[in-house]
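Below is one structure, written out as structure tokens; the observations come after it.
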Amino acid sequence: MSCTLENEVSDIVTKYDQGHLLTFYEGLSKDRKYELKQNIRFANIAEACEGFQRCLSAVPCKPENLRPIPSNSYMCRKDLTEDSLKTYRTAGIRAIASGKIAAIVLAGGQATRLGASVPKGALPLGMKLTEGDNLLSLQAAQIVKLQALAKEAYPGEAERTGGKILWLIMTSKPTRQATEECVAAIKVEHGLVDDQVVLFDQPTVPCFEKNGKILLSEKWALSSAPNGNGGLYSGIEGFLPLMKKKGIEYIHVYCVDNVLCRIADPYFLGAGIVRNADCAAKVVEKQEPREAVGVICQLADSGNYSVIEYSELSESLAAQLDDAGKKLAFRAGNIANHLFSMTFLERVVCGGIVLPYHQAEKKIPYVDLSSGEKKSPSTPNGIKMEKFIFDVFPFAKNFFAWEVERKEEFAPLKNADSAGRDCLSTCRASLYAEHQRRLRVAGFTQTKDVLIPIAVSYDGEGLDHYKKTGEQVPLIECVCQP
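In this note's numbering, the protein residues as written are 5 to 486.
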């Protein structure tokens with residue numbers, strides 16, 4: 005082993021007070037010694053440790069600096085006129101036909117609360133769906149249907165550009181292989197072309213004890229985890245040239261775990277295009293003042309926008325009503341569903357913007373430094389360092405929030421079924437309820453749990469044809485497999 009590498013590793017652990025990482029060094033084989041040194045060398049300990057210390061000194065927003073989103077930057081979909089909705093949908097569909105839209109799915113999380121052996125996106129939903137029984141397959145089916153709708157509406161544009169939605173899937177070291185295998189099958193099943201689907205990895209970052217010491221996962225390996233959904237910005241950098249070459253102008257970014265997510269929603273896209281927005285967020289109305297959801301606010305001193313954790317809102321602000329006295333003033337619940345212009349994404353990624361780390365207490369397996377034994381804690385024992393995708397909001401020049409109905413567009417998969425909420429059972433129930441609603445809107449009476457194949461309808465459009473003609477809607481009946 006070269007003295008240079010020895011010195012580099014020694015300098016790193018000394019400078020950042022992480023000498024314990026070498027506790028078992030002398031007892032390791034030659035190969036394991038090399039592995040540990042390389043692990044330390046490439047773990048970006050400097051950024052992680054400095055981020056950890058900055059978290060300790062972070063100052064929460066002052067309550068007097070928080071304002072609700074002003075009405076001119078807040079759009080509630082259900083309150084819009086039919087003409088406005090038609091304008092937005094038309095703009096969105098045309099952009100799809102013109103090949104200007106990309107969708108990025110955030111699928112790098114480890115799903116520790118879910119306790120599954122595969123990533124969320126590849127987890128069977130237990131519904132025996134014709135589109136493929138997992139979240140990623142449902143999302144791919146939406147992309148294919150949108151492309152068909154766009155081609156039907158603007159055949160010339162679609163013929164000229166190909167009319168494809170570029171689908172980028174952010175994975176991480178723990179989720180890459182299983183996601184890759186799932187996506188390979190999805191591409192065949194849905195007829196997605198190779199250059200339309202891109203997988204990329206977000207970075208990983210060391211995990212810490214609460215005292216700031218980095219944990220070991222093995223005697224020769226540092227414990228690490230994906231660096232949060234804000235890892236998108238460093239992960240996507242190498243693919244910006246491809247996106248520009250394909251003529252991408254707007255990007256829909258969403259979390260993989262929302263079973264009701266409308267991928268590349270033409271209404272949301274169109275609103276962004278018509279408003280010439282550089283950044284937007286879908287939100288749901290908070291259900292009650294202390295609901296545990298981040299809230300998008302405006303900062304009084306700068307006029308910029310930011311997401312404030314529910315715990316940072318004082319009781320009085322959380323309960324404050326709007327001017328009409330009917331709704332919470334701070335009601336814009338963040339659901340990690342965003343729209344970026346290509347120009348904005350480039351500015352964030354390439355413009356020297358540094359996002360802060362946030363700390364999340366987790367149960368992290370580790371090697372006990374005293375005994376050398378591997379431990380699996382039953383309570384949170386460590387800190388995972390995460391960057392948040394929404395920390396770019398303050399850099400937006402033309403931001404708006406787009407409120408949607410929670411029951412129609414937000415049902416996340418977070419927990420095991422034993423939790424009784426945000427789990428597979430509740431996700432399935434939400435999906436059935438939403439499809440029943442779409443049938444009722446089209447004039448059908450439906451009491452059974454059924455699904456409308458996405459190939460038939462993306463979000464309820466086209467169902468009136470079946471009502472008028474008397475044709476049978478090709479529904480999928482409930483066949484849940486718990």
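Using N, Cα and C, we set each Cβ at its ideal position, and we do this for glycine too. The structure presented is a predicted model; accordingly, all values stated were derived computationally and were not measured.
{"Item": "According to DSSP, residues forming a beta bridge with D205", "Value": "T175"}
{"Item": "Beta-carbon gap between A106 and L170 smaller than 7 Å", "Value": "yes"}
{"Item": "For Y271 and K286, the rounded distance between their alpha carbons", "Value": "11 Å"}
{"Item": "beta-carbon R351 near the ligand MN non-hydrogen atom, thresh 6 Å", "Value": "Here there are no bound small molecules, and the ligand MN is not part of this structure."}
{"Item": "Beta-carbon contacts of T383 that lie in its chain and below 8 Å, excluding the five residues immediately before and after", "Value": "K367"}
{"Item": "Alpha-carbon spacing of I255 relative to S345, whole angstroms", "Value": "6 Å"}
{"Item": "Spatial neighbours of G274 in its chain, beta-carbon cut-off 6 Å, leaving aside the 5 residues before and after", "Value": "Y92, R93, A95 and G96"}
{"Item": "Beta-carbon gap between E313 and G329 smaller than 7 Å", "Value": "no"}
{"Item": "contact_flag[the segment 69-80, the segment 291-306] where n(CB pairs < 8 Å) is 3 or more", "Value": "yes"}
{"Item": "Beta-carbon gap between L110 and A120 smaller than 7 Å", "Value": "no"}
{"Item": "Among Y29, F28, I44 and E30, nearest to K19 - alpha-carbon criterion", "Value": "I44"}
{"Item": "Cutoff 7 Å; reference V13; Cβ partners in own chain excluding five residues on either side", "Value": "K41, I44 and R45"}
{"Item": "Coarse secondary structure for N215, derived from DSSP in three states", "Value": "coil"}
{"Item": "Boundaries (first-last residue) of the beta strand (DSSP E) holding V197", "Value": "Segment: none, V197 is in no beta strand (DSSP E) and carries neither H nor E."}
{"Item": "Separation of T179 from N262, as counted between CA atoms", "Value": "17 Å"}
{"Item": "CA nearest to the CA of F404, picked from K34, M79 and P67", "Value": "M79"}
{"Item": "Collapsed DSSP secondary structure at I456 in the structure displayed", "Value": "coil"}
{"Item": "Complete runs of the alpha helix (DSSP H) confined to the segment 145-190 [at least 4 residues]", "Value": "159-165"}
{"Item": "Alpha helix (DSSP H) segment containing H469, residue limits", "Value": "L467 to T473"}
{"Item": "For S176 and A229, the rounded distance between their alpha carbons", "Value": "9 Å"}
{"Item": "Simplified DSSP assignment, three categories, for S318", "Value": "coil"}
{"Item": "L60 - containing alpha helix (DSSP H), residue span", "Value": "I49 to S61"}
{"Item": "Secondary structure, beta strand (DSSP E): runs of 3+ residues fully inside the segment 258-295", "Value": "283-289"}
{"Item": "Reduced DSSP category for V299 - H, G, I as helix; E, B as strand; rest coil", "Value": "strand"}
{"Item": "H439 burial status per 10 Å Cβ neighbour count (16 or more: buried)", "Value": "buried"}
{"Item": "Where R71 sits in the DSSP three-state scheme", "Value": "strand"}
{"Item": "Exposed unless 16 or more other CB atoms sit within 10 angstroms - verdict on T8", "Value": "exposed"}
{"Item": "C-beta contact flag for I488 and K149 at 7 Å", "Value": "The requested residue 488 does not occur in the structure, where the chain is confined to residues 5 to 486."}
{"Item": "Residue range of the alpha helix (DSSP H) that includes M131", "Value": "Taken as a continuous stretch (DSSP letters only), M131 belongs to no alpha helix (DSSP H), as it is neither H nor E."}
{"Item": "Identity of the residue in D83, N138, T165 and K290 nearest K250 by Cα", "Value": "T165"}
{"Item": "Counted within 10 angstroms of its Cβ, other Cβ atoms place L236 as buried (16 or more) or exposed", "Value": "buried"}
{"Item": "From R98, L264, S306 and N385, residue whose alpha carbon lies closest to that of L139", "Value": "L264"}
{"Item": "7 Å Cβ shell around P123 - same chain, five flanking residues per side excluded", "Value": "A111, A115, T179, A182 and T183"}
{"Item": "Extent of the continuous beta strand (DSSP E) to which C80 belongs", "Value": "Y78 to C80"}
{"Item": "Separation of A268 from G23, as counted between CA atoms", "Value": "48 Å"}
{"Item": "Straight-line Cα distance separating K217 from V17", "Value": "11 Å"}
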